[in-house]
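*Asks:* Pasting a structure here, questions to come.
Number of protein chains: 2
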Amino acid sequence: MPEQTTGPRPTLEAVAARAGVSRATASRVVNGGAGVRPPLVEKVRRAVDELGYVPNHAARTLVTRRNGAVAVIIAEPEFRIFSDPFFEQQVRGISRELTAHDAQLVLLWVEGPGDHERIARYLGGGHVDGALAFSLHSDDALPAVIEGARIPVVLGGRPAPGIDPAVPFVDCDNRGGAREAVRHLVERGCRSIAHISGPADQTSAVDRLHGYRDVLIDADPALLRVGDFTEESGARAMAELLDHRPDVDGVFVANDLMASGALLTLRERGVRVPEDVAVVGFDDMASVVGRTSPALTTVHQDIEGMGRLMVKLLMRRLDGTGSGIPDSVITPTSLVRRASA
Amino acid sequence: MPEQTTGPRPTLEAVAARAGVSRATASRVVNGGAGVRPPLVEKVRRAVDELGYVPNHAARTLVTRRNGAVAVIIAEPEFRIFSDPFFEQQVRGISRELTAHDAQLVLLWVEGPGDHERIARYLGGGHVDGALAFSLHSDDALPAVIEGARIPVVLGGRPAPGIDPAVPFVDCDNRGGAREAVRHLVERGCRSIAHISGPADQTSAVDRLHGYRDVLIDADPALLRVGDFTEESGARAMAELLDHRPDVDGVFVANDLMASGALLTLRERGVRVPEDVAVVGFDDMASVVGRTSPALTTVHQDIEGMGRLMVKLLMRRLDGTGSGIPDSVITPTSLVRRASA
DNA sequence: CCGCGTTCTGGGAGCGCTCTCAGAACGGGG
DNA sequence: CCCCGTTCTGAGAGCGCTCCCAGAACGCGG
Numbered sequence: 001m002p003e004q005t006t007g008p009r010p011t012l013e014a015v016a017a018r019a020g021v022s023r024a025t026a027s028r029v030v031n032g033g034a035g036v037r038p039p040l041v042e043k044v045r046r047a048v049d050e051l052g053y054v055p056n057h058a059a060r061t062l063v064t065r066r067n068g069a070v071a072v073i074i075a076e077p078e079f080r081i082f083s084d085p086f087f088e089q090q091v092r093g094i095s096r097e098l099t100a101h102d103a104q105l106v107l108l109w110v111e112g113p114g115d116h117e118r119i120a121r122y123l124g125g126g127h128v129d130g131a132l133a134f135s136l137h138s139d140d141a142l143p144a145v146i147e148g149a150r151i152p153v154v155l156g157g158r159p160a161p162g163i164d165p166a167v168p169f170v171d172c173d174n175r176g177g178a179r180e181a182v183r184h185l186v187e188r189g190c191r192s193i194a195h196i197s198g199p200a201d202q203t204s205a206v207d208r209l210h211g212y213r214d215v216l217i218d219a220d221p222a223l224l225r226v227g228d229f230t231e232e233s234g235a236r237a238m239a240e241l242l243d244h245r246p247d248v249d250g251v252f253v254a255n256d257l258m259a260s261g262a263l264l265t266l267r268e269r270g271v272r273v274p275e276d277v278a279v280v281g282f283d284d285m286a287s288v289v290g291r292t293s294p295a296l297t298t299v300h301q302d303i304e305g306m307g308r309l310m311v312k313l314l315m316r317r318l319d320g321t322g323s324g325i326p327d328s329v330i331t332p333t334s335l336v337r338r339a340s341a
Numbered sequence: 342m343p344e345q346t347t348g349p350r351p352t353l354e355a356v357a358a359r360a361g362v363s364r365a366t367a368s369r370v371v372n373g374g375a376g377v378r379p380p381l382v383e384k385v386r387r388a389v390d391e392l393g394y395v396p397n398h399a400a401r402t403l404v405t406r407r408n409g410a411v412a413v414i415i416a417e418p419e420f421r422i423f424s425d426p427f428f429e430q431q432v433r434g435i436s437r438e439l440t441a442h443d444a445q446l447v448l449l450w451v452e453g454p455g456d457h458e459r460i461a462r463y464l465g466g467g468h469v470d471g472a473l474a475f476s477l478h479s480d481d482a483l484p485a486v487i488e489g490a491r492i493p494v495v496l497g498g499r500p501a502p503g504i505d506p507a508v509p510f511v512d513c514d515n516r517g518g519a520r521e522a523v524r525h526l527v528e529r530g531c532r533s534i535a536h537i538s539g540p541a542d543q544t545s546a547v548d549r550l551h552g553y554r555d556v557l558i559d560a561d562p563a564l565l566r567v568g569d570f571t572e573e574s575g576a577r578a579m580a581e582l583l584d585h586r587p588d589v590d591g592v593f594v595a596n597d598l599m600a601s602g603a604l605l606t607l608r609e610r611g612v613r614v615p616e617d618v619a620v621v622g623f624d625d626m627a628s629v630v631g632r633t634s635p636a637l638t639t640v641h642q643d644i645e646g647m648g649r650l651m652v653k654l655l656m657r658r659l660d661g662t663g664s665g666i667p668d669s670v671i672t673p674t675s676l677v678r679r680a681s682a
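Each protein sequence line maps, in turn, to chains F and R. The first sequence: position 55 = 55 (the working numbering), numbered continuously. Numbering-wise, the working numbering comes out as the position in the second sequence, counting from 1, plus 341.
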């Protein structure tokens, strides 16, 4: 039980004195105790407990040049990012993995280009050991800012072309997952398979579209519609599809939210799913998948796992163990068959 | 333009040498330059620029015992907290105010009681100058944990009884806002005014209920329904109300989401709003208010401002300027009249 | 019982910064 | 022209910790 010394916090010096050893030995024990004989370890441990000693982080950082903190940079060009469930899951994964590494999460909220200088200074100021960011639009200047801070960084999501390709990233196999989704529709016997894609400036949307095209090499462009990842845009795209290509019997939608919208339109028009039109989504978001009817067949990706992986990659390069390890990771996806296809 | 010295980062010493002054003077300039003659200030400033000097945070913290970081503690007893728009706005306000104070936001994600020890150690370890937390349920052990860390803390939302009442908090005038809402219904001429409240273990819900009762001292208990702040629960409560008290002609709903649900039920049943039943919500959440029909009359509260206020209170007590300043703040609310009442 | 190799331990330097305090510089009045 | 008060400046001491390195302790073979 820590003593109730209300005064200044005990230092290593105090612990050492109480344990009857030198500061160096006390330090060794606090840092794992390797190379210290058991009886002494025990004595120091007890002193630590009795004094309620907690290492001074600043002092430690000063000499080790490591501070056990990682910045998570959240840019907000649109403005829902923070409340996006996808994002939330990823941050949760990051937070958990960081905790496992005894590192802290420092949130850097970027509100616009005006913030870039502040961010650069912060990143360059040695407050954090590394940074995690999310590749958003291709015209984003943020990656350059981070690059300028000369600090290790790992991106969530494949960066858009134009951004330094050497920056490591973690992304799921968007293209492969899309292929699997489309193949599933083909195997079901669908003949006119449409695709509702996401915005062309997001690599995930582009990759999924590529996957669709990989399987359906010469798909009629009329079977292609572009949405913006919102439920509403999915509903609209589906309506247009139905209007222009009444023969459509399968549709691969680039994310679950748009797929949900498509399902709504289908239902409104009295089209049976999956009998008349089979639908496959992407993401496997619990919040969406659970409430559609019929239950949505979709491509699952391990979002939390991707967050954790981002941290692992970053930690590896911080440890210097980075060489010989793949820079970027593409995580596998898997098709989850439910009722819609 | 900073020099491209790839080596170790320049120290204050280097800046001083280049500017031809002592380290002390350089330090003074870096920290505002008070009491240093203009020509010297200029010289030091130039050296800083040329060298690309950035102060070492750890070294500074070591001596000042201040590290310019504040923990935001997010507990996740339920699990949507992070993606809650209310919460998002509050964190945004916090983030902005923190930036204005040149302080950083360290996110502490608490996943359960198992994390409490970790949190306590972190808070006690001097990593952050203070903490911000949100008062959730009354059985939450977190406040005690924070208390134990002997670190200044400010709560978002009035803490439940049972939690040390000396802990400062920021909350909006739930009770007063509710009174205003109900009075508005009275003035409109409503005779049977119902209330759909939130969970009894949340102080905001309790306070709003109190406000309702303040105005309608002897309201029939049958006019009271308890929801859980979700849209669905609001719809259900409204249906029950209609079934049991068909004479209801006004309803004050404890939050916008439930009000939206109530509106849905009303519409389904063909009840005209506000002609047959007038509805007033609480929160004035942009995401809800915009899409209801008719547009929702509701009680506005400045959520972002509350976040900022939390930081201001914390900063004041960190600066020691805290004495004589109110510990907690109740921010005003205002009724926003739209179409539903 | 001594000498040498090996394992532990402690002294001390130094990480980069702030801040106190003494001394330098300066200016004005006598 | 000198003296004293005021404003600036710089030397130096530490903040609490890690880690290098020298030396102590220990064990074993001869």
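Yeah, the Cβ is synthetic: ideal placement off N, Cα and C, and Gly gets one too. These numbers were taken from a predicted model, which means no experiment stands behind them.
Sort out for me which residues DSSP pairs residue 333 of chain F with in a bridge.
*Replies:* The partner list for residue 333 of chain F (beta bridge, DSSP) reads F/301.
*Asks:* Does residue 445 of chain R get closer than 8 Å to chain F when you measure Cβ to Cβ?
*Replies:* So, interface residue.
*Asks:* Measure how close the beta-carbons of residue 602 of chain R and residue 529 of chain R come, nearest whole angstrom, since I'm counting them as under 8 Å.
*Replies:* Not confirmed; about 21 Å, so no contact.
*Asks:* Let me check understanding here. Comparing Cα to Cα, which of F/232, F/238, F/231 and F/13 lies closest to residue 224 of chain F?
*Replies:* Checked all of F/232, F/238, F/231 and F/13; the closest Cα to residue 224 of chain F is F/238.
*Asks:* Thinking C-alpha only, which one of R/406, R/438 and R/400 is nearest residue 644 of chain R?
*Replies:* Considering only alpha carbons, the answer is R/438.
*Asks:* Please list the terminal residues of the continuous alpha helix (DSSP H) segment that includes residue 430 of chain R.
*Replies:* Segment 426–441, the alpha helix (DSSP H) holding residue 430 of chain R.
*Asks:* Do residue 191 of chain F and residue 211 of chain F have their C-beta atoms closer together than 8 Å?
*Replies:* The answer is no: Cβ separation not under 8 Å.
*Asks:* Cα separation between residue 425 of chain R and residue 359 of chain R?
*Replies:* Distance between the alpha carbons of residue 425 of chain R and residue 359 of chain R is about 52 Å.
*Asks:* CA-CA distance, residue 380 of chain R and residue 109 of chain F?
*Replies:* Near 37 Å, if we compare the C-alpha coordinates of residue 109 of chain F and residue 380 of chain R.
*Asks:* Where does the unbroken beta strand (DSSP E) through residue 471 of chain R begin, and where does it stop?
*Replies:* 471–475 is the extent of the beta strand (DSSP E) around residue 471 of chain R.
*Asks:* Measure how close the beta-carbons of residue 158 of chain F and residue 203 of chain F come, nearest whole angstrom, since I'm counting them as under 8 Å.
*Replies:* Contact flag correct, Cβ pair sits at about 5 Å.
*Asks:* I want to verify the contact list: residues of chain R whose CB lies under 8 Å from the CB of residue 54 of chain F, in sequence order.
*Replies:* Per Cβ cutoff of 8 Å: 462, 465, 466 and 467.
*Asks:* What's the gap between the Cα of residue 681 of chain R and the Cα of residue 428 of chain R?
*Replies:* Rounded to whole angstroms, residue 681 of chain R to residue 428 of chain R spans 26 Å at the Cα level.
*Asks:* Give me, in chain order, the residues of the same chain whose beta-carbon lies closer than 6 Å to that of residue 28 of chain F; leave out the 5 immediate sequence neighbours on both sides.
*Replies:* So the list reads 36, once near-sequence residues are dropped.
*Asks:* Using 8 Å as the cut-off, can you tell me whether the stretch 385–399 of chain R makes contact with the stretch 117–127 of chain F, which would need three or more C-beta pairs spanning the two stretches below that distance?
*Replies:* The stretch 385–399 of chain R vs the stretch 117–127 of chain F: in contact.
*Asks:* If you count every other CB in all the chains shown that lies within 10 Å of the CB of residue 274 of chain F, and 16 or more means buried, which is it?
*Replies:* It is buried - the Cβ of residue 274 of chain F has at least 16 other Cβ atoms within 10 Å.
*Asks:* Which residue marks the beginning of the alpha helix (DSSP H) containing residue 555 of chain R, and which one marks its end?
*Replies:* Residues 544–556.
*Asks:* Using the beta-carbon count (16 or more within 10 Å), is residue 405 of chain R buried or exposed?
*Replies:* Exposed is the call here.
*Asks:* Go ahead and label residue 294 of chain R buried or exposed: buried means 16 or more other beta carbons lie within 10 angstroms of its beta carbon, across all protein chains shown.
*Replies:* Because chain R here runs from 342 to 682, residue 294 of chain R falls outside it and cannot be looked at.
*Asks:* So, residue 281 of chain F versus residue 296 of chain F, is the Cβ gap smaller than 8 Å?
*Replies:* A contact, by the Cβ cut-off of 8 Å.
*Asks:* Please report the distance separating the alpha-carbon of residue 51 of chain F from that of residue 15 of chain F.
*Replies:* The alpha-carbon atoms of residue 51 of chain F and residue 15 of chain F are separated by roughly 7 Å.
*Asks:* Under a three-way DSSP split, which group does residue 295 of chain F fall into?
*Replies:* Of the three classes helix, strand and coil, the one that applies to residue 295 of chain F here is coil, per DSSP.
*Asks:* How big is the Cα-Cα spacing for residue 269 of chain F and residue 277 of chain F?
*Replies:* Straight-line Cα distance between these residues: approximately 12 Å.
*Asks:* Say whether chain R places a C-beta atom closer than 8 Å to the C-beta of residue 95 of chain F.
*Replies:* Residue 95 of chain F counts as touching chain R.
*Asks:* Mind checking if residue 131 of chain F is an interface residue toward chain R, Cβ cutoff 8 Å exclusive?
*Replies:* With 8 Å as the cut-off, residue 131 of chain F does not count as an interface residue toward chain R.
*Asks:* From the DSSP output, in three-state form, read off residue 71 of chain F for me.
*Replies:* Three-state DSSP puts residue 71 of chain F in a strand.
*Asks:* Kindly identify the DSSP beta-bridge partner or partners of residue 195 of chain F.
*Replies:* Bridge partners of residue 195 of chain F: F/224 and F/252.
*Asks:* Does chain F have any CB closer than 8 Å to the CB of residue 402 of chain R?
*Replies:* At least one chain F Cβ lies under 8 Å of residue 402 of chain R.
*Asks:* Hey, quick one: how far does the beta strand (DSSP E) through residue 278 of chain F stretch, first residue to last?
*Replies:* Run containing residue 278 of chain F: 278–283, per the beta strand (DSSP E) assignment.
*Asks:* For residue 24 of chain F, is the classification buried or exposed, using 16 other Cβ atoms within 10 angstroms of its Cβ as the cut-off for buried?
*Replies:* Exposed is the call here.
*Asks:* Which same chain residues, not among the five before or five after residue 471 of chain R, have their C-beta less than 7 Å away from its C-beta?
*Replies:* Only 411, 492, 493, 494, 655 and 659 meet the Cβ criterion.
*Asks:* So, is residue 363 of chain R buried or exposed, given that buried needs 16 or more other C-beta atoms within 10 angstroms?
*Replies:* Looking at its Cβ environment, which holds fewer than 16 other Cβ atoms inside 10 Å, residue 363 of chain R is exposed.
*Asks:* Answer with yes or no whether the minimum CB distance from residue 57 of chain F to chain R is below 8 Å.
*Replies:* Residue 57 of chain F counts as touching chain R.
*Asks:* Identify the continuous beta strand (DSSP E) that holds residue 273 of chain F and give its terminal residues.
*Replies:* Per DSSP, residue 273 of chain F belongs to no beta strand (DSSP E) and is neither H nor E.
*Asks:* DSSP on residue 629 of chain R, reduced to helix/strand/coil?
*Replies:* Three-state result, residue 629 of chain R: helix.
*Asks:* Helix, strand or coil: how does DSSP classify residue 234 of chain F here?
*Replies:* Residue 234 of chain F: helix per DSSP, three-state reduction.
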